[in-house]
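Residue numbers (this note's numbering): 84 to 282.
For glycine and all other residues, C-beta sits at the position ideal for the given N, C-alpha and C.
The structure appears right after this line, and notes come after that.
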Amino acid sequence: MRPGLMPKIVDIPAQRLEILLAAKEVFSNKGIEGTGMTHVAEAAGIGRSSIYHYFKDKDSLVAALILELMAQEEEQFRTALDKDVGNPLGRIINLASRQLDTFKEWKEMAGLTLDMWSRHQQQLRPFFQDIRTLLAELISEGQESGDINQLVDAEFTSACIIATIDGLLLQYVVDPEVFSDSNRIRATLISTITRQLQP
């Protein structure tokens with residue numbers, strides 16, 4: 084090192100996050116299978132060899148990105164179910180409404196979204212297990228307070244509500260024109276959930 088020159092200090096967590104954000108953008112446009120580490124490195128503005136200091140291969144990069152996206156999604160899920168929103172049924176309706184608000188963002192990540200669903204189910208499974216449990220616990224809470232129908236099976240109903248929302252999302256990503264009327268979708272989904280859960 085020449086006198087007077089200090090080594091460049093790299094903020095490793097920040098650089099790692101920059102790479103994940105770049106990967107999200109590139110995977111969204113090209114899909115996971117159509118993207119190489121070189122594409123991600125270029126999008127992140129780093130050298131092709133530098134990316135391997137943070138992720139040993141594309142599989143580890145994809146795994147890290149999915150974990151990051153699912154952590155963000157679970158946090159949004161927990162926020163929507165926050166006790167300050169209202170009674171249990173009101174919080175479930177709030178959740179459904181907020182999930183619909185994320186559809187446009189997931190549509191913009193179509194290449195990534197579809198590849199995640201079709202090729203990375205194993206990594207997604209713990210996330211779905213966690214959110215099903217959260218929702219089932221809230222349904223049970225509502226049954227105890229009298230806000231939700233005592234006859235519904237909390238765990239099965241939780242799975243059905245999440246499957247309905249995800250099914251709508253898949254349809255929106257694949258054929259958005261069918262669901263162009265967002266107000267109608269919201270009203271129909273909320274009505275369906277309310278009829279199923281109300282006492």
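Taking the alpha-carbon positions, what's the Ala270 to Asp184 distance?
13 Å
Distance, Gly250 Cα to Ile95 Cα
38 Å
Assuming His203 is part of the alpha helix (DSSP H), what are its boundary residues?
Taken as a continuous stretch (DSSP letters only), His203 belongs to no alpha helix (DSSP H), as it is neither H nor E.
Around the Cβ of Met89, are there at least 16 other Cβ atoms within 10 angstroms (buried) or fewer (exposed)?
At Met89, the pLDDT of 49 sits below 50, so the modelled position is not reliable and the matter cannot be decided from this model.
Contact set for Ile248: own chain, Cβ-Cβ below 8 Å, skip 5 residues either direction
Ala179, Gln182, Leu183, Leu272
May I have the straight-line CA-CA distance separating Thr196 from Ser228, to the nearest angstrom?
38 Å
Could you give the distance in angstroms between the alpha-carbon of Tyr255 and the alpha-carbon of Ile268?
11 Å
Separation of Gly130 from Thr216, as counted between CA atoms:
43 Å
Check each candidate in Ala126, Ala97, Ser265 and name the one with the smallest Cα separation from Phe110.
Ala126
Suppose contacts are defined by Cβ-Cβ distances below 9 Å. Is Ile276 in contact with Ile245 by that definition?
no
Below 8 Å on the Cβ atoms is my contact criterion, and I expect Ile222 with Ile231 to pass it. Report the Cβ-Cβ distance as a whole number of Å.
6 Å
Measure the alpha-carbon distance for Glu116 versus Asp198 and round it to whole angstroms.
8 Å
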